[in-house]
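Asks: Starting off with a structure, shown below.
There are 4 protein chains.
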Amino acid sequence: MRIYVYGKPHDTGDKFDDYLDPAKTAVISIDMHRGHLDPSPECPCPAPRAREIVAPIDAFHTQARALGLPIIHVRSVVRRSGVDDINGIPAAWRRTFPLHVGPIPNSDGHAIEGSPWTELVTKVAPEDEIVETKRRLSAFYPTDLDFLLRNMRVETIVLNGGFTDCCVLNASFDANNRNYRVIVARDLVRGTDDNLEAAALAMVSLHLGLVADSADLLAEWSRRKAGRKVA
Amino acid sequence: MRIYVYGKPHDTGDKFDDYLDPAKTAVISIDMHRGHLDPSPECPCPAPRAREIVAPIDAFHTQARALGLPIIHVRSVVRRSGVDDINGIPAAWRRTFPLHVGPIPNSDGHAIEGSPWTELVTKVAPEDEIVETKRRLSAFYPTDLDFLLRNMRVETIVLNGGFTDCCVLNASFDANNRNYRVIVARDLVRGTDDNLEAAALAMVSLHLGLVADSADLLAEWSRRKAGRKVA
Amino acid sequence: MRIYVYGKPHDTGDKFDDYLDPAKTAVISIDMHRGHLDPSPECPCPAPRAREIVAPIDAFHTQARALGLPIIHVRSVVRRSGVDDINGIPAAWRRTFPLHVGPIPNSDGHAIEGSPWTELVTKVAPEDEIVETKRRLSAFYPTDLDFLLRNMRVETIVLNGGFTDCCVLNASFDANNRNYRVIVARDLVRGTDDNLEAAALAMVSLHLGLVADSADLLAEWSRRKAGRKVA
Amino acid sequence: MRIYVYGKPHDTGDKFDDYLDPAKTAVISIDMHRGHLDPSPECPCPAPRAREIVAPIDAFHTQARALGLPIIHVRSVVRRSGVDDINGIPAAWRRTFPLHVGPIPNSDGHAIEGSPWTELVTKVAPEDEIVETKRRLSAFYPTDLDFLLRNMRVETIVLNGGFTDCCVLNASFDANNRNYRVIVARDLVRGTDDNLEAAALAMVSLHLGLVADSADLLAEWSRRKAGRKVA
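Protein chains in written order, with the working numbering: chain D, 9 to 239; chain U, 9 to 239; chain Z, 9 to 239; chain X, 9 to 239.
Given below as C-alpha cells:
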C-alpha cells in the first residue's frame, strides 16, 4: 500500500500487513463538532480549514461501516460549571493560541456540555460509538478511549479530524505509547495551516505509524475482506 | 519575558507570571543518554544533532540547581528480556524511522536495561531525580513522572533534551493534558532536522505552553528569587 | 475528632488536621442509582442494604453544600451497544457474584446509558458535579475523576455510597494511590453484608485513611469554617 | 476446578475455562521483600505472617516456570531522596497503621531504593520480570505493569504475596478494572490477620475473580498443556 514518509510516497510492500487487518481496526474521528466548524462568528474555537473534510469524512465512514469497521467519534466536552476548564485550571491554548490568531471572542463557550458547540457536524450512525470526556487535547486522557478499544479488541486505529498538529497528533502519540498501531488518514485531517499540517504528518510518519490516503485504506480493507492477496 | 510564538519573539508582559514561579517549577531533561548521543557507529538510535546541547544543558542545570529548582532526568529503559519492546509489541519507530534515514544497524540494542546505551551523557547531581521506566516516547506513560511531580507539588515544567518533534513534544502534550504549565527551553532541544524542530516548537507555542530561551528563564527565576519585580 | 480504627473509636487529637480543611475537600457519592437501589424485581444489580442511606446521604449533602463543599456523584454507565461490558469483555462480577447470591435476572440491563437504571436516587443539586464514565468498579479508572479533582484543587475526599466492600473500597484504594487524603463516612456506606462492610471499613482505617461518622465531619468542618479551634 | 466463593468450596465446571489458559496467564508476586519479611526488629513494615509462604511461593513459581508461565515480581521502591513518599506526600499507612499496631520504629526506611529492605526474599529466576516503581499500594499505578502485561499479551493474572487485604486486594481491583481476569492463589497470600485475610478473599471471590488453591491451578495448567480435557 502507498504511504507517505515525510511527505514522499512510499510503497510498503507487505511490511506493514499487521496494520491493515480490518477485523482489528477502528476509525477514530476527532472533534468534528460545531465548536470548531460552525461558520458563525460565535464559533468558540474556529478551525475553518476542516470544514472541507466534513463530507469526505462522512463518505469514508459510510464505506468503513460497510466493511464492518467501528467508528468512534471523540469530542471535547467540559462540564457546564466550567470547573474542569475555565473555572478550574484553564487550558493553555486559551492563552497561547490568541497570541498567534488574535482574540477569540467566544472561546469561553468552547465545549460546554449541552451547548450546540458540542454537536457533531459529521454524521453519527446508530452503531457508532462516542467518547465525550475529552477535556483538553488528548483523546485518551482523561477519557475511556483506551478502555473502549480494549473491549473492542482493536489493535489498529485510523485517525481523522482536526487539528492535525494538535489533537490528531496528540492522539497519535498517545495511541502509539499504548501499543496501538496508528494510521493517520492524510486527506481527512486538517491542521492550523499547511506548514504545521505537513510537519505533523511527517512526525507521525517517522515516529508513530503510517500516513495514508483514505481511498487506499478502503481499497486495502476491501481486498482483505474479500480474501484476496494484497496487490 | 521574551517567548517565541510560532518562531517570532513576543514579550509576555506579566500575562504568564504564573508560569514563572521557581518554587513551583521543575526542569525535566529527556533522553540525553548514550543510546542517542554516543558518537560510535553502534549507537542504537542516533540523534547526533543533540550532542551540541550537552554542555549547554549541563550549564543550565547547574544554574537551575543553584536557584533551588529540582532537575529530573527521564531516560528510556526497556527490560533485558526485550519483553516490553522488541520481544513484545515492538515500538513503531523501529519500523518507520528507517524508511526515512535508512537501516539503523544496532537499533535492537536501544535502551536495554543495564547496557551502556542507557547511561546519561549529561551530568547527574546527587540531588537530581531520575525517571527510568520510559518505554516508548512518552515521559509520562507508563512512568511515575506525574506521581513524582505531584509529590513535589510542581505546577510548571521546563523541558529540554531530544527529539523536539518526538519525545519532547510528546512530553509537552502529556504535561499539558495533566494541567501542568509547560515551557520548552528553545535553545536546549534538538529535533530530527531544522524543519521539524521549528514546527514542533511552533506547535508548543500555539497549543501547549511557552517556548523561551534558557537564559531568559534563568534571569526571570533569579529576579523572582531575589524578590525583585519582573522587568 | 473521633475516627474508627478497625472498628474501635479513637480520638485523633490534632494529628489529622490536614484531612479536615473544608476548603480542600470534596464529597464523592458512589453509585446511588436505581440500578442498585430500585425496589423492583427488575433491578439489575440489587444493593438493597443501601436504600436506608438515601435520606441520610441527602441530608449530609445538603449540609456539606451549605458549608461550601462540592458534591460529586459518580455513577456507572456503559454504552448502549454494550461494547464496553457485556458485548466486549464482560465485568467479572456478572459471573462471580451470582455464585453467592444466585442468578441476577436482569443483570444485562445494569448501567445501560439512557436507561432508568442509571438515574440517581439521591438528590442532585444544580451545583453538583457528575462523573459518569465509571465502567467497572473504580471511580477513577477509566473516568476523569482525578482530572476533575485536580482542577478543583481538592486534596481530601469523603466517600459515601455503595458497596463498602466493592466500589467504595476500590475508590479508597485509587484515591490513596493518587495521594488524596481519604475519609469514608462510616454511617453513609453499605456493604454486601455486615461482615464485609466492617472488614472493608477496617481495611480503610488501617491502610488508606480515616473512617468517621458524617455528623462528626460536619461538626468539624463547621468549627473550622467559623475559625474556631478544633475541640 | 475448585474455587472458593466467600470461603466455601465450589466446583466451577467449565464455566471459567477462559481463566485457565496457561498461554495467556502470568503469575504476579507482590512485595515479598525484606522490608516486610525480615525478622530483624529494624524491619520497616513488618508482615511476619507472610514469612511462612516464602517457600511455598518459591515452589509454585518453579512449577509455573516449568509450565512456561512468566513470573513477575512487583516490589515497592521509593527514591532515595524520599521525595515520592516521606519527603513528598507521605503514604497514609504511615499514619494510620500505627494506630492499630503501635509505633513502627523504622518505617521511614521502608522501600528506600538501594537499601536491603527492597531485596526480594523469594527466588528470582533469570527469566522472571521485575516491576519496581510501586510507590504506594497499587501494583498498577504508577507502575508500568499494565504496559508490560499488554506486551506479553497476558489476559489472566494469578496473584500471590502480601497483604491480602491491602496490596493484593488493590492489585485485584486494578487488574479487574483493566479487564484482566484475576485469580488469587488462596494459600499463597497472607493478610493483616485471619479475619481481614478471609474478608479480602471473600471480596475477590464475589466481585473480582477467582480464589483458588495453587496446587489446583498447577494441576489445571498441566492438564491443559498436555492437551487433556479438564477433569
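Just so you know, even glycine gets a beta-carbon here, dropped at the ideal spot from N, CA and C.
Values in this document were obtained by computation on a predicted structure and should not be read as measured data.
How should Glu205/Z be labelled, buried or exposed, when 16 other C-beta atoms within 10 angstroms of its C-beta is the threshold for buried?
Replies: For the purposes of this step, residue 205/Z is taken as residue 197 along the third sequence, with counting starting at 1. By the 10 Å Cβ count, Glu205/Z comes out buried.
Asks: Phe105/Z touches chain X at which residues, Cβ-Cβ below 8 Å?
Replies: Within the third sequence, the letter at position 97 stands for residue 105/Z. What Phe105/Z touches in chain X: Leu214 and His215.
Asks: State buried or exposed for Val162/U, treating a residue as buried only when at least 16 other CB atoms are found within 10 Å of its CB.
Replies: Walking along the second sequence from the start, residue 162/U turns up at place 154. Val162/U is buried by the Cβ-count criterion.
Asks: Can you confirm whether Arg144/U, when its beta carbon is compared against all beta carbons of chain D, has any partner nearer than 8 Å?
Replies: Translated into positions along the second sequence, residue 144/U becomes position 136. Answer yes: the Cβ-Cβ gap between Arg144/U and chain D drops below 8 Å somewhere.
Asks: Excluding sequence positions up to five away, which residues of its chain have a Cβ less than 7 Å from the Cβ of Lys233/Z?
Replies: Position 225 of the third sequence, counted from the first residue, corresponds to residue 233/Z. For Lys233/Z, where only same-chain residues beyond five positions count, the Cβ hits under 7 Å are Pro30 and Leu75.
Asks: Quick check on the burial criterion: 16 or more other C-beta atoms within 10 angstroms. Buried or exposed for Arg143/X?
Replies: Residue mapping note: residue 143/X aligns to position 135 of the fourth sequence, counting from 1. Arg143/X comes out buried.
Asks: Tell me whether Asp26/Z is buried or exposed, calling it buried when 16 or more other Cβ atoms sit within 10 Å of its Cβ.
Replies: Numbered from its first residue, the third sequence carries residue 26/Z at position 18. Flag for Asp26/Z reads exposed.
Asks: Within 8 Å of any Cβ in chain X, is that where the Cβ of Arg158/D sits?
Replies: Reading the first sequence from its first residue, position 150 is the one you call residue 158/D. Yes, because at least one Cβ of chain X sits closer than 8 Å to the Cβ of Arg158/D.
Asks: Can you tell me which residues form a DSSP beta bridge with Ala220/Z?
Replies: Within the third sequence, the letter at position 212 stands for residue 220/Z. DSSP output for Ala220/Z lists Ala193/Z as bridge partner(s).
Asks: The segment 150–182 of chain D: which residues have C-beta closer than 7 Å to a C-beta of chain U, in chain order?
Replies: Listed by position along the chain: Asp173, Cys174, Asn178 and Phe181.
Asks: Between Ile112/Z and Thr164/U, what straight-line distance do the alpha-carbon atoms span, to the nearest angstrom?
Replies: Start at 1 with the first residue of the third sequence, and residue 112/Z comes out as number 104. Start at 1 with the first residue of the second sequence, and residue 164/U comes out as number 156. Each residue's Cα considered, the two are about 50 Å apart.
Asks: Give me whichever residues DSSP pairs with Ile112/U in a beta bridge.
Replies: In the second sequence, the residue the question calls residue 112/U occupies position 104. Partner(s): none; Ile112/U has no beta bridge.
Asks: What residues from chain Z crowd round Ala193/X, counting only those whose CB sits closer than 8 Å?
Replies: Position 185 of the fourth sequence, counted from the first residue, corresponds to residue 193/X. Those within 8 Å of Ala193/X in chain Z number zero; the least Cβ separation is about 16 Å.
Asks: Is the number of C-beta pairs between the segment 147–162 of chain X and the segment 86–101 of chain U that are closer than 8 Å three or more?
Replies: Flag = yes, the segment 147–162 of chain X and the segment 86–101 of chain U touch.
Asks: Please state whether DSSP places His118/U in a helix, a strand or coil.
Replies: The residue given as residue 118/U occupies position 110 in the second sequence. Of the three classes helix, strand and coil, the one that applies to His118/U here is coil, per DSSP.
Asks: Determine, using beta carbons only, whether Ala239/X comes closer than 8 Å to chain Z.
Replies: Position 231 of the fourth sequence, counted from the start, is the residue given in the question as residue 239/X. Residue confidence is low: Ala239/X scores 46 on pLDDT, short of 50, so the model does not pin down where it sits. Its coordinate-derived value is still stated next. No, no contact with chain Z.
Asks: Which ranges does the beta strand (DSSP E) cover as unbroken runs of at least 3 residues, wholly within the segment 10–35 of chain X, from first to last along the chain?
Replies: Whole beta strand (DSSP E) segments, 3+ residues: 10–13 and 16–19.
Asks: At what residues does the beta strand (DSSP E) containing Asn168/U begin and finish?
Replies: Residue mapping note: residue 168/U aligns to position 160 of the second sequence, counting from 1. Where Asn168/U is concerned, the enclosing beta strand (DSSP E) stretches over Thr164 to Gly170.
Asks: Would Asp173/U and Pro150/X be called neighbours here (beta carbons separated by less than 8 Å)?
Replies: What you label residue 173/U is simply residue 165 of the second sequence in a count that begins at 1. What you label residue 150/X is simply residue 142 of the fourth sequence in a count that begins at 1. Not a contact, by the Cβ cut-off of 8 Å.
Asks: Locate the beta strand (DSSP E) running through Val139/X, then write down its first and last residues.
Replies: Position 131 of the fourth sequence, counted from the first residue, corresponds to residue 139/X. Note, Val139/X: beta strand (DSSP E), Glu137 to Lys142.
Asks: Compare the Cα-Cα distances from Val86/U to each of Glu228/X, Ala207/X, Glu137/X and Met9/X and report the closest residue.
Replies: Position 78 of the second sequence holds residue 86/U. That would be Glu137/X, whose Cα lies nearest to the Cα of Val86/U.
Asks: Going along the chain, which residues of the segment 76–107 of chain X sit with their C-beta nearer than 7 Å to a C-beta in chain U?
Replies: Result list: Arg87, Ser89, Val91, Asp92, Gly96 and Ile97.
Asks: Need the endpoints of the alpha helix (DSSP H) that Ile65/D sits in, please.
Replies: The count along the first sequence starts at 1 and reaches residue 65/D at position 57. Run containing Ile65/D: Val62 to Ala74, per the alpha helix (DSSP H) assignment.
Asks: What residues from chain D crowd round Val190/U, counting only those whose CB sits closer than 8 Å?
Replies: Locating residue 190/U in the second sequence gives position 182, where the first residue counts as 1. Near Val190/U (Cβ distances below 8 Å), the residues of chain D are Ala100.
Asks: Can you give me the C-alpha to C-alpha distance between Asp224/U and Arg10/U, rounded to a whole angstrom?
Replies: Stepping through the second sequence from its first residue, residue 224/U is reached at position 216. Stepping through the second sequence from its first residue, residue 10/U is reached at position 2. For Asp224/U and Arg10/U, the distance between alpha carbons rounds to 7 Å.
Asks: CB-CB under 8 Å to Phe181/D, same chain, minus the five flanking residues each way: which ones, in chain order?
Replies: Residue mapping note: residue 181/D aligns to position 173 of the first sequence, counting from 1. Correct list, in chain order: Leu216.
Asks: Just the C-alpha distance for Asn168/U and Asp116/U, rounded to the nearest angstrom, thanks.
Replies: To locate residue 168/U, count along the second sequence from 1; it is residue 160. To locate residue 116/U, count along the second sequence from 1; it is residue 108. Roughly 25 Å between the two C-alpha positions.
Asks: Can you find the residues in the same chain that come closer than 6 Å, C-beta to C-beta, to Ala239/Z, ignoring five residues on each side of it along the sequence?
Replies: Position 231 of the third sequence holds residue 239/Z. With a pLDDT of 46 at Ala239/Z, under the threshold of 50, the predicted position of this residue should be treated as unreliable, though the coordinate-derived value follows. Result list for Ala239/Z: empty, nothing under 6 Å.
Asks: Indicate whether at least one CB of chain X lies closer than 8 Å to the CB of Thr141/U.
Replies: Taking the first residue of the second sequence as 1, we reach residue 141/U at position 133. So, interface residue.
Asks: Once you ignore the five residues that flank Ser89/D on each side, which residues in its own chain have a CB closer than 7 Å to its CB?
Replies: To locate residue 89/D, count along the first sequence from 1; it is residue 81. The residues are Asn95.
Asks: Ignore the nearest five residues each way along the sequence and tell me which others in Leu128/U's own chain have a CB closer than 7 Å to its CB.
Replies: Indexing the second sequence from 1 puts residue 128/U at position 120. Contacts found: Met40, His41, His81 and Arg83.
Asks: Does Thr130/Z pass the burial test, meaning 16 or more other C-beta atoms within 10 Å, or should it be called exposed?
Replies: In the third sequence, counting from the first residue as 1, residue 130/Z sits at position 122. When all chains shown are included, Thr130/Z counts as buried.
Asks: Kindly identify the DSSP beta-bridge partner or partners of Leu128/Z.
Replies: Against the third sequence, residue 128/Z aligns to sequence position 120. Note: Leu128/Z sits in a beta bridge opposite His41/Z.
Asks: Enumerate in chain order the residues of its own chain whose CB-to-CB distance from Cys175/Z is below 6 Å, with the five nearest sequence positions on each side excluded.
Replies: If you number the third sequence from 1, residue 175/Z lands on position 167. Within the same chain, Cys175/Z has close Cβ partners Ile38, Asp39 and Leu145.
Asks: From Trp229/D to Gln71/D, what distance separates their C-alpha atoms?
Replies: Looking up residue 229/D in the first sequence gives position 221. Looking up residue 71/D in the first sequence gives position 63. Their Cα atoms are separated by approximately 10 Å.
Asks: Can you tell me where the alpha helix (DSSP H) with Ser180/X in it begins and where it stops?
Replies: Within the fourth sequence, residue 180/X is the residue found at index 172, counting from 1. That run of the alpha helix (DSSP H) goes Leu177 to Asn185.
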